[in-house]
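Residue numbers (the numbering used here): -9 to 53. We put the CB at the ideal spot given by N, CA and C, even for glycine. For clarity, every value in this text was computed on a predicted model and none was experimentally measured. What follows is one structure encoded as structure tokens, with my remarks underneath.
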Amino acid sequence: MSLHPTVSGDVPTSTATVARAAFPQGNAYLRLRDHLGTIFTDAQFAPLVCTRCAPSCESEVCA
């Protein structure tokens, strides 16, 4: 599995639509995200990722 860094902290429209459909009365985590916005950026986690090493386990095994 590979995640690519994102520049924007915006939630994709399709993701927001699915989340609202799944929780029509709302959800504590959705309200928290709506209230606080983006808390952490990808750049803050970049130093924690080793780009030279192999992953500790295969993605199929880790999932």
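Less than 8 Å between the CB atoms is what I'm expecting for residue i and residue j, so what's the real figure, rounded?
{"i": "G(-1)", "j": "G27", "result": "6 Å"}
Considering only the beta carbon of each residue, do residue i and residue j sit closer than 8 Å?
{"i": "F13", "j": "L20", "result": "yes"}
Can you name, in chain order, every residue of its own chain whose Cβ lies under 7 Å from the Cβ of residue i, other than the five neighbours on each side?
{"i": "T41", "result": "none"}
{"i": "R10", "result": "none"}
In angstroms with no decimal places, state the Cα-to-Cα distance between residue i and residue j.
{"i": "P2", "j": "L38", "result": "25 Å"}
{"i": "A6", "j": "C43", "result": "35 Å"}
{"i": "F30", "j": "V8", "result": "23 Å"}
{"i": "H25", "j": "Q34", "result": "21 Å"}
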